[in-house]
Amino acid sequence: TVASTGEAVKWTTPLGLKVIQPYKDEKPHEVKTVVQRVRLVSRENMPVKKQKQKTAFPPNFVHSLDSTHLLMTALKYCARGKTFAGVHDSYWTHACDVEELALELREQFIKLYKLPILEDLERELLEYYPHLEGKLPPIPKKGDLDLEVVKRSPYFFS
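Okay, so the sequence shown: first residue is 1 according to UniProt numbering, each after it adds one.
This is how it looks when you write it as structure tokens:
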């Protein structure tokens, strides 16, 4: 595994943003002052938490795709002079523009998931961690879902 090398798991989102899982052992240090005690935690030069690196990767990878979708939507929508706010999987705009935002987020979802996401991840993991050659599970075959169906799905994103 990646964590067994002592490295944090890292990857790049489809928008080019670097993600590095920050899970490392902690070295607490207490500082006493006249007023209080403060506990400082340093992770610098500490080993990675191997199990946490392993178990956190799948959900964190999915979260990175969710955030990529949010950013893709925000960038396109705001480029048209529209107001956008969002957190994780909740997107907001003015009530009069909700339908337009709903269309844009569908378009960006389709654009994102037409990309070879797992193939790109595999290539990048092998670049960073060559010892994984031949050890990664095969990429699942794509099914026959036509992503365009999300354009007609009333409950795709609500």
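Note that beta-carbon positions come from the ideal geometry of N, C-alpha and C, so glycine has one too.
Asked                                                                                                                                                                                     : Found
Name the two residues that bound the continuous beta strand (DSSP E) containing residue 147.                                                                                              : Counting along the chain, residue 147 falls outside any beta strand (DSSP E), and DSSP gives it neither H nor E.
Could you name the residues of the same chain whose beta carbon sits closer than 7 Å to that of residue 133, not counting the 5 residues immediately before and after it, in chain order? : 126
By alpha-carbon positions, which one of 28, 31, 77 and 24 ends up nearest to residue 104?                                                                                                 : 77
Specify the secondary structure class of residue 137 as computed by DSSP and reduced to three states.                                                                                     : coil
From residue 8 to residue 115, what does the alpha carbon distance come to, in whole angstroms?                                                                                           : 25 Å
Run through the UniProt domain "DNA-directed RNA polymerase C-terminal" (5-130) for me and flag every whole alpha helix (DSSP H) of 4 or more residues, listed as ranges in chain order.  : 50-79, 98-113 and 117-128
How big is the Cα-Cα spacing for residue 25 and residue 58?                                                                                                                               : 20 Å
What whole-angstrom Cβ distance do residue 28 and residue 39 have, given they're in contact under 8 Å?                                                                                    : 6 Å
Once you ignore the five residues that flank residue 73 on each side, which residues in its own chain have a CB closer than 6 Å to its CB?                                                : 104, 105 and 108
Short check: CB of residue 15 to CB of residue 70, under 8 Å?                                                                                                                             : no
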